[in-house]
């Protein structure tokens, strides 16, 4: 993902990466099942949040890990997109749960290949 909005094709290529490749990405990548349970949590996201991937995998992203995202503008978009199996939304967000507030750009993406949603997080530089 560069400074331009990522295409669906570029995002789909990321969803085919193995864990080691995901860990080499310069931005956060979180894979969620249809219920919001974390299936994958890469190194960049761990660095951004200070959370060990092993401590969050298997937990619900919206209620257990980042409850600040359990709002219509974030979790609502996720639920609607998962119901339609069509999701590609990019929006600014401020993470502030159990960490210093961080302004980020979030991309929510549904992958047909993995039948899961991905949350890509890039910290906004000031």
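Residue numbers (my numbering): 40 to 165. From the three backbone atoms N, C-alpha and C, an ideal C-beta is built for every residue, glycine too.
Among the options, nearest to residue i - alpha-carbon criterion
i	options	result
residue 84	69, 74, 78, 97	69
residue 74	81, 119, 52	119
residue 87	96, 101, 65	65
Nonlocal neighbours in the same chain, by C-beta distance under 8 Å from residue i, ignoring five residues either side
i	result
residue 125	149
residue 99	74, 75, 76, 77
Local conformation of residue i per DSSP, three classes
i	result
residue 108	helix
residue 153	coil
residue 140	coil
residue 76	strand
residue 53	helix
residue 97	coil
Sequence-distant residues of the same chain with beta carbon closer than 7 Å to residue i, five excluded per side
i	result
residue 91	85
residue 55	152
residue 132	113, 143, 145
residue 109	101, 102
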